[in-house]
Amino acid sequence: MHLSFSTSCKGQGSISQRAEPLEFVSLKEIDSDYYIYHQILPAALRVLQVLVVKEKDLAS
-14 MHLSFSTSCK GQGSISQRAE PLEFVSLKEI DSDYYIYHQI LPAALRVLQV LVVKEKDLAS
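Have a look at this one:
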């Protein structure tokens, strides 16, 4: 079983309150900042630490 949810940028509340099944969310509604700063960057930085890459280097 595979469940796919996305975090919508519309509305207020916690991430779990804003999560909706993917089939009900349009691309315009996805909170891309949340995914970049809470999902992608932390994982990428763990890998890139070996190359001495810092978060400020990725942001520029």
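For reference, each letter of the sequence shown is one residue, going -14 to 45 in the working numbering. Beta carbons: idealized from backbone N, C-alpha and C, even for Gly. From a predicted model like this one, the values you see are computed outputs, not experimental measurements.
- Rounded to the nearest angstrom, the Cβ distance from Y20 to I0 is 11 Å, too far for a contact under 8 Å.
- Per the coordinates, the alpha-carbon of E8 lies some 35 Å from the alpha-carbon of D42.
- For Y22, no alpha helix (DSSP H) segment is defined, and its DSSP state is neither H nor E.
- Annotation for Q2: the continuous alpha helix (DSSP H) segment containing it runs 0 to 3.
- Around the beta carbon of R3, 16 or more other beta carbons sit within 10 angstroms, so the residue counts as buried.
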